[in-house]
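Just so we're aligned, residue 45 is where the sequence shown starts under the numbering used here, counting upward by one.
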Amino acid sequence: MRKLNIMLLFSCLALTSSGCDDENDRTAEPIAPILKDVVMPTESNTIPGTTVTISGKGFDVGDILYCTSLSQEKDFTPEVTEVTDYGISIAIPSDAAGSYEVEVERAGKVSKLPEVLKVAYVIVIEDLVMPAGNTTPGGTIQIKGSGFENGDKLVFTSDAYPANVSATADVTLTDEGIEAVVPASCYGVNTLTLTRGNRQGRLGTVNIAVAIGDEIGGGIVYYVSDGGIHGLIAKRTNTGTATEQWGPTSEHGGTKKEIYTGKENTRLCVEAMKVFHQKFETWPASKKSAAEQCDAETETVDGIVYDDWFLPSQEELIQLFYQKKMLAEKGAAMPANNYWSSTEGDADDTAAAWSAYYVNFYEEENLVTAASDKEGWTIGIRAIRQF
Numbered sequence: 045m046r047k048l049n050i051m052l053l054f055s056c057l058a059l060t061s062s063g064c065d066d067e068n069d070r071t072a073e074p075i076a077p078i079l080k081d082v083v084m085p086t087e088s089n090t091i092p093g094t095t096v097t098i099s100g101k102g103f104d105v106g107d108i109l110y111c112t113s114l115s116q117e118k119d120f121t122p123e124v125t126e127v128t129d130y131g132i133s134i135a136i137p138s139d140a141a142g143s144y145e146v147e148v149e150r151a152g153k154v155s156k157l158p159e160v161l162k163v164a165y166v167i168v169i170e171d172l173v174m175p176a177g178n179t180t181p182g183g184t185i186q187i188k189g190s191g192f193e194n195g196d197k198l199v200f201t202s203d204a205y206p207a208n209v210s211a212t213a214d215v216t217l218t219d220e221g222i223e224a225v226v227p228a229s230c231y232g233v234n235t236l237t238l239t240r241g242n243r244q245g246r247l248g249t250v251n252i253a254v255a256i257g258d259e260i261g262g263g264i265v266y267y268v269s270d271g272g273i274h275g276l277i278a279k280r281t282n283t284g285t286a287t288e289q290w291g292p293t294s295e296h297g298g299t300k301k302e303i304y305t306g307k308e309n310t311r312l313c314v315e316a317m318k319v320f321h322q323k324f325e326t327w328p329a330s331k332k333s334a335a336e337q338c339d340a341e342t343e344t345v346d347g348i349v350y351d352d353w354f355l356p357s358q359e360e361l362i363q364l365f366y367q368k369k370m371l372a373e374k375g376a377a378m379p380a381n382n383y384w385s386s387t388e389g390d391a392d393d394t395a396a397a398w399s400a401y402y403v404n405f406y407e408e409e410n411l412v413t414a415a416s417d418k419e420g421w422t423i424g425i426r427a428i429r430q431f
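Put into C-alpha cells, the structure is as follows:
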C-alpha cells in the first residue's frame, strides 16, 4: 500500500513537470500591426523625391511599407527614414505619382492603412536655372537643370491670354538641360510648365518681348513698356457706329487718365451702368454706353477668342493717335473722327458728371484732346486690350 502511494506521487510529479515544460516552450503568435489615428500627408505636400510623414500611432522601427499603385503607375517600397510615437516618415521615389494603397508589414503580418497615399503628378528638376532677360516670339530659350527627359514639353501660359489659352513647345535635351523655340503666338510675361504624360512641374517665368506694329494678341501692338513685355493692343476695327454717345450724364467716379488705367476705368463704368439701367428708363439695358460696348467686344484670331477689350483711358487714346499712321499701314486705320476715352472730366468741379475726354483724329499731327458732353456728342470708339 505504501509502495503504491509512492508510485502515484512520482507519476503526479512527472505529469506536473511535463506540463510546466510545455508552458515554457510556447511562444507568442505575431499579429498584424495595430495602427490608430492614421492621417496621410496632403497631395500638394507629397512631392516625388521628398520625404513625407504619415501621422498615426503604433508604427515600429522594423515596419516595412508596400505602396501599390491605383493609377497604373509603378509600385514602390519606400525607405523608412524615421519612426516616432506620432508617425512614420518615408522617402517618396522621384518616379512616383498618383494614388497608392499602403500596407504595413511587421513580423510577417500585414495591415492595410485606411487612407490612400496620394503623390502629386509633378516633375522634379534639380539645379534649375531659368533664362535671364527678354526673349521674343520664335526665339530660342535655354533652361539649365537635371531631370529632363526626351519627350518633355513646355507649356506657356500668361494672365494676358484669354482664359484656358496656352501654347506648347517641344524641347530638345542639351548637356546642361533643355532648349525650346518660343511659340509665335506668345507675348508678355509667361509661366512655363514642364509636362511629361500626366506629370507636370512648374519651372518659372520667361519674358517674351514684342514691338510696336507686331500683329499678336488679337490685334496690333501700339504701345510697349518694360522692354516690350507689357503694352497695349488695338482692335483692328472700330466698335459701334461713327456716332456713339459716351453714356448718360452721371459721374461714374474713380476714372483716371494714365496708361494702364483704361481697363479699370471700363470696369467702373460698366458696374455703374448696371445700377443706372435699373434706376433710369432713359438708358435701358439695350442701350449700351461706350464702355459697355467695348466690354462686350470679341475678336477671334486663329481660333482664339479675345474678349477682354476695354475703352482706352485718355493717355492710352493719345498713344493711339500717335500710332494712327502705323495702324493704317497694318490695315487697321482709324477713320477721321473724334474718339471717346474712358476718362471722365476732371473731378475738381462738376465736369466728371457731364463730360468725358476725347481725342481728335481729324488732325494729322497736332494733338487735340479735351472733355466734352457725354450725351451731347456722338463720336467714335476703338477698343483696346493690354498685356
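Even glycine gets a Cβ: it sits at the ideal position worked out from N, Cα and C.
Can you list, in chain order, the residues of its chain whose CB lies under 6 angstroms from that of residue i, leaving out five sequence neighbours each side?
{"i": "residue 143", "result": "114, 115, 160, 162"}
{"i": "residue 64", "result": "The predicted model places residue 64 with a pLDDT of 45, which falls under 50 and marks its position as unreliable, so this point remains unresolved."}
{"i": "residue 424", "result": "282, 286, 381, 383"}
{"i": "residue 412", "result": "404"}
{"i": "residue 432", "result": "Residue coverage of the chain in this structure runs from 45 to 431, which leaves residue 432 outside it and unanswerable."}
Are the CB atoms of residue i and residue j nearer to each other than 9 angstroms?
{"i": "residue 146", "j": "residue 110", "result": "yes"}
{"i": "residue 410", "j": "residue 354", "result": "no"}
{"i": "residue 350", "j": "residue 262", "result": "yes"}
{"i": "residue 254", "j": "residue 234", "result": "no"}
{"i": "residue 400", "j": "residue 279", "result": "no"}
{"i": "residue 365", "j": "residue 381", "result": "no"}
{"i": "residue 87", "j": "residue 140", "result": "no"}
{"i": "residue 289", "j": "residue 90", "result": "no"}
{"i": "residue 166", "j": "residue 245", "result": "yes"}
In the DSSP output, what is residue i paired with across the bridge?
{"i": "residue 190", "result": "170"}
{"i": "residue 236", "result": "200, 248"}
{"i": "residue 384", "result": "402"}
{"i": "residue 338", "result": "According to DSSP, residue 338 bridges with nothing at all."}
{"i": "residue 217", "result": "222"}
{"i": "residue 389", "result": "Answer by DSSP bridge pairing: none, since residue 389 is not bridged."}
{"i": "residue 256", "result": "Note: residue 256 sits in no beta bridge, so no partner."}
{"i": "residue 413", "result": "403"}
What is the C-beta distance between residue i and residue j, in whole angstroms, given that I count them as a contact (C-beta under 8 angstroms)?
{"i": "residue 320", "j": "residue 357", "result": "Not really, about 21 angstroms apart at Cβ, beyond 8 angstroms."}
{"i": "residue 150", "j": "residue 106", "result": "6 angstroms"}
{"i": "residue 440", "j": "residue 276", "result": "Because the chain in this structure spans residues 45 to 431, residue 440 falls outside the shown range and cannot be described."}
{"i": "residue 102", "j": "residue 122", "result": "With a Cβ gap of about 18 angstroms, residue 102 and residue 122 do not count as contacting."}
{"i": "residue 340", "j": "residue 332", "result": "7 angstroms"}
{"i": "residue 378", "j": "residue 369", "result": "Rounded, the Cβ-Cβ distance is 10 angstroms, inconsistent with contact."}
{"i": "residue 232", "j": "residue 210", "result": "That pair is no contact at about 13 angstroms."}
With a threshold of 8 angstroms on Cβ separation, who are the neighbours of residue i within its own chain once the five nearest residues in sequence on each side are excluded?
{"i": "residue 75", "result": "153"}
{"i": "residue 390", "result": "396, 415"}
{"i": "residue 347", "result": "none"}
{"i": "residue 178", "result": "251, 252, 253, 271, 272, 273"}
{"i": "residue 326", "result": "292"}
{"i": "residue 269", "result": "275, 303"}
Can you list, in chain order, the residues of its chain whose CB lies under 7 angstroms from that of residue i, leaving out five sequence neighbours each side?
{"i": "residue 225", "result": "182, 184, 213"}
{"i": "residue 189", "result": "169, 170, 171, 172, 173, 221"}
{"i": "residue 120", "result": "111, 137, 140"}
{"i": "residue 193", "result": "240"}
When you measure from the CB of residue i to every non-hydrogen atom of the ligand NAD, does any distance come out below 8 angstroms?
{"i": "residue 272", "result": "Among the components modelled here there is no ligand, and therefore nothing to report on the ligand NAD."}
Practice task
Tell me the start and end of each unbroken alpha helix (DSSP H) in the segment 73-105 that is at least 4 residues and wholly inside, in chain order.
Solution key: none
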